[in-house]
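Below: one structure, written as structure tokens.
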Amino acid sequence: MRNVLAKGAKWALIGAAASAMAACSDVSEEQAGNGENTVELAEFPDRPYWGDTHLHTDNSVDAFGFGVRLGPEDALKYARGEEVTATTGAQSKLARPLDFLVIADHSDGLGATRRLYDAPRLGVQAMGDETMLRWYDMMHESPEQSQRAVGEIISRAAVGQLPDAMTDRAANEEATRTIWEAHLDTLDRYNEPGVFTAFGGFEYTLMPQGNNLHRVVMFRDGAEKTKQVLPYPGLSTSTEGLWDYMAAYEESTGGEALAIPHNSNLSNGLMFELTKPDGGPMTAEYARKRARYEPVVEATQIKGDSETHPFLSPNDEMAGFGVKGWDFGNLPLNLPTTDAMQAGNYIRSALKRGLTLEEQIGVNPYAFGMIGSTDSHTALATGDEDNFWGKHTGNEQAIEDRAIVAQNLGTRTGRFGWHYLAGGYAAAWARGNTRAEIFDAFKRREVYATTGPRMTVRLFAGFDFSEEDWDGDWVRRGYTNGVPMGGELIDKDTAPTFLISALKDPDGANLDRVQVVKGWVDAFGNVREKVYDVVWSDMETRALSGGKVPAVGDTVNRLDATYTNDIGAAELRAVWTDPDYLIADKRAFYYVRVLEIPTPRWTLFDAVRFGITLSDEAMADAVAQERAYSSPVWLKPAPAEGE
Amino acid sequence: MIPDTSRWPAWTKEPLIHFLILGAVLYALFAWRGEPVDPASRSIEVTREDQAQLSLGFERIMGRAPTDAELDRQVDKYIREEVLYREALRLGLDGNDAVVRRRMAKKMDMLAAAQAETAQPTDEALKEWFEAHPERFGDKSRYTLDHVFKSEIDGAKAALRALNDGSSRDDFRKLGDPISLPQSLSEMPRKEVLDRFGERFLAEIDALEPGDEWQGPIASGFGWHAVRLTARDAGEVPAYETVRQRVENDWRNATIEERKERGFEILRDAYTVEIAE
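Quick mapping for you: the protein sequence lines, in order, are chains A and B. Straight run, no breaks: the first sequence in the working numbering ends on number 648. Straight run, no breaks: the second sequence in the working numbering ends on number 287.
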């Protein structure tokens, strides 16, 4: 009898908790929706809004296993600028708050490791899966064992061998729905038009044979609409399935969604193929779908930078940032990367492939803009070198030698702490800080990537810009007489001209140079690329030598991880006309790359803070030139008569 | 005999304590699947309720009821675990296990926090909270200023002199070096000033007295600025209605922390702790 009563009391408690949680979703209409008609909008996008579109919390299978115990609410508070206690104990705060955040927990097994961990051991036992039980025990044994368990989970997921109980959608659906809905309510509570935007989203973790085809899916809408779907699973589905899911969401709710591919550098050539995934020829229909649902890619994040590779761009001496350690194998390192795969791994070559495909089939599947993000698994959206909290809780700042120890998922060869970057940020040119405005900026590709610093980058393309434009309201001129980054310009048989401005991060390093990266298809159908130094600091003293701009110099003190802004410039501006334009060329893209002067990487800050001696290799990589990548502008031929 | 509760210490009337005690009792009850475990006892009774629970657990995971054989296996496993668990308790293994200790301590924290996590505060309570902590919601300072940017300090000093002796008061916009920053800010929110001009500029601006004179030059990450700070509104605290959700978030987080701390302090007070020198 006592037992029965006690059980009743227990269920009553849980029931009360559940109903009270449901009541928490009582937020204002402004906060709950997409933010349309809630704030006064600027006439033109007047400033970049800063965000991270790729953050994991304890609802992610791997993040939880790696030890994070901070959830979405902590993540939102942190991104808004509040101080949060990191899982490993120390206080942490962003020097400058972010404007928006997409919490992108893995759709596969959303909350599953947390559920596995919280489950009674008997329950796990009852499932009759020895592997899951072993993982359960490892997760409870120690943080090290917990990380090892997650390494195994990722490796098994990579080769499609997860226990049925973890992938069975029907069995997990109820649990997933509970977590998803509570999460969406939390987002609405923290979404504040004009101040801070919290997007609904998830990570789609497609990974055939361990080759990374991950996407972050981001919704324009509030919980009322996003609750009508569940996060789409990545394991054992296809990208076309994902786009169909997104189309169905848009159709049934009237909302909008987009997907952001990331870590193409770990895809072993599969992210940007010239064919369809099944090897068949690329079709216009497939290309159109991809272009529609994937307008932006993530160019840089903790697990390396995907702009380009020295192998692909041998004449670009600034290529190769964030490539080391990532370019010889896929995510779990179960398959090596060959040279032939690299062209499908990097963004610049994908943009070129897009031009080629458009020549062939009339549609460009790879006409995307670029952003940066963190992919942090600590619930802390930190992209700053001097405030790096690690890829996951297993290498937060509490682990003082994290820069030099092996950091692999599953295996123990090849990748070390110092290979990781501190993570980047996304900048969106929007008219106001709302879900609708920032989402729409992504959709029209008026966004750019940085490797962490917050430089302000403007790019307008047109045919009649001139130096005099700087004297007036040049932003208005840019919008009214041209197209901004992400836009398309119709060829007028004359060389296009660009208004380019890069303003340094006010609290960061000076700028070294601004470059334009051009890719084009020439009259003979060859696809080519060229990097132009457009404007750089101290141009009068840094004269071209052998056609190249001399290095800007290096003020970094390796002993105390400091630098000075004695070199470089606060702002670099140029009106630039393509000197190699030929009427006979078919089509082209142009994007801007901005380089800072050399600054210490997080590894050097660690070495100084914790008294760690970096290996020679790590030390050689402890100083870098951080950068920004604008979304491209495309130059397209005028449609032929009758089209 | 009915005890005279009025003479009991005040903390015994604290609802939180009632909750904690109730929680502790419940926790002890549920610590092992609802069975109050006496490590000294060597008799195990698997009741019909226990079997139903095992069956339910199986069903929840597998999506179907167990067969008789499967249920028997569950019962066997249950007995095995129960025997080993009790023996482990008898050996005091729970006390030496850092993971068990941490988990149980964490569960006590969660018990203390659970009420605040689910409570629906009244508007009165939130208003009270809002009025007690206006600074948390009133970070809406706004800045109205003009500035002239110079990359070198000497240029900024010269510009400042020219502006203040009246010779170029009207065309300050033409005096500066080119930079892509707005030259006049009209009631710009503090965060936007921070985003656009940086920490150093903001700190310098905060040290100035608003007025009609040009002041400075002050430094930013870009260079030097002669500044005419016409107004710095401390920012009225926004109306409660416009920030209600933020107040509730803040109240909830703070209350959870406070409950954990108060709950701990009350428990902690009952202990004598000696730390050897």
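Even for Gly, the Cβ is constructed at its ideal location relative to N, Cα and C.
query, result
"For Ala629(A) and Phe326(A), the rounded distance between their alpha carbons", "8 angstroms"
"Within-8 angstroms CB hit, Gln630(A) to chain B", "no"
"Residue from Phe68(B), Ala229(B), Trp224(B) with nearest C-alpha to Ser161(B)", "Ala229(B)"
"Proximity to Glu112(B) [Cα-Cα], best of Ala345(A), His145(A), Trp639(A), Asn273(A)", "First, the residue type needs correcting, since residue 112(B) is Arg and not Glu in the sequence shown. Nearest option by C-alpha distance: His145(A)."
"Counterpart residues of His157(B) in DSSP-defined beta bridges", "Val237(B)"
"Cβ-Cβ distance between Tyr453(A) and Val522(A) below 8 angstroms", "no"
"Phe69(A), buried or exposed, once every other Cβ within 10 Å from all chains shown has been counted against 16", "buried"
"Given 8 angstroms, three or more beta-carbon pairs between the region 510-527 of chain A and the region 583-602 of chain A", "yes"
"Run of the alpha helix (DSSP H) containing Pro664(A), from where it starts to where it stops", "Only positions 6 to 648 of chain A appear in this structure, which leaves residue 664(A) out of reach."
"Residue environment, Asn42(A), which counts as buried when at least 16 other CB atoms sit within 10 Å", "exposed"
"CB contact below 8 angstroms: Phe232(B) versus chain A", "yes"
"Environment of Ile495(A) [buried if 16+ CB atoms lie within 10 Å]", "exposed"
"Residue closest to Ile443(A), alpha-carbon to alpha-carbon, out of Ser542(A), Asp113(A), Ile376(A)", "Ile376(A)"
"Beta-carbon proximity of Arg269(B) to Ala123(B), cut-off 8 angstroms", "yes"
"For Phe421(A): DSSP bridge partner residues", "Ala411(A)"
"Cβ of Asp181(B) within 8 angstroms of any chain A Cβ", "no"
"Any C-beta of chain A under 8 angstroms from that of Arg200(B)", "no"
"Neighbour list for Tyr88(B) in chain A, Cβ cutoff strictly below 7 angstroms", "Leu127"
"Closer than 8 angstroms at the beta carbon, the chain C residues around Ser243(A)", "Going by chain labels, chain C is absent from the structure shown, which instead holds the protein chains A and B."
"Listed by chain order, chain A residues near Gln255(B) by CB distance under 7 angstroms", "Val32, Ser33, Gln36, Arg194"
"Anticipated Cβ contact below 8 angstroms, Asp67(A) with Ile184(A), distance rounded", "Wrong, their Cβ atoms sit about 16 angstroms apart, outside the cutoff."
"Touch test, the region 75-86 of chain B against the region 56-64 of chain B, Cβ-Cβ under 8 angstroms, three pairs minimum", "yes"
"Under 9 angstroms from the C-beta of Pro77(A): neighbouring residues of chain B", "Simply none; closest approach about 12 angstroms."
"Cβ of Pro144(B) within 8 angstroms of any chain A Cβ", "no"
"Exposure of Gly552(A), with buried meaning 16 or more beta-carbon neighbours within 10 Å", "exposed"
"Other residues of its chain near Thr93(A): CB distance less than 7 angstroms, five sequence neighbours each side excluded", "Thr398, Glu401, Ala403"
"DSSP state of Gln193(B) mapped onto helix, strand, coil", "coil"
"Chain A contact residues for Phe207(B), given Cβ-Cβ distances below 9 angstroms", "Pro511"
"Neighbouring residues, chain A, relative to Leu204(B) (Cβ below 8 angstroms)", "Arg101"
"CA-to-CA distance, Ser311(A) to Leu279(A), given in whole angstroms", "18 angstroms"
"Any C-beta of chain B under 8 angstroms from that of Leu504(A)", "no"
"Cα-Cα separation between Pro489(A) and Lys281(A), rounded to whole angstroms", "31 angstroms"
"Buried or exposed by the 16-neighbour rule on C-beta atoms within 10 Å, applied to Leu103(B)", "exposed"
"Euclidean distance between Cα positions of Phe274(B) and Thr136(A)", "38 angstroms"
"Inter-residue Cα distance where the pair is Arg96(B) and Asp78(B)", "27 angstroms"
"His111(A) and Ser65(A) closer than 8 angstroms at C-beta", "yes"
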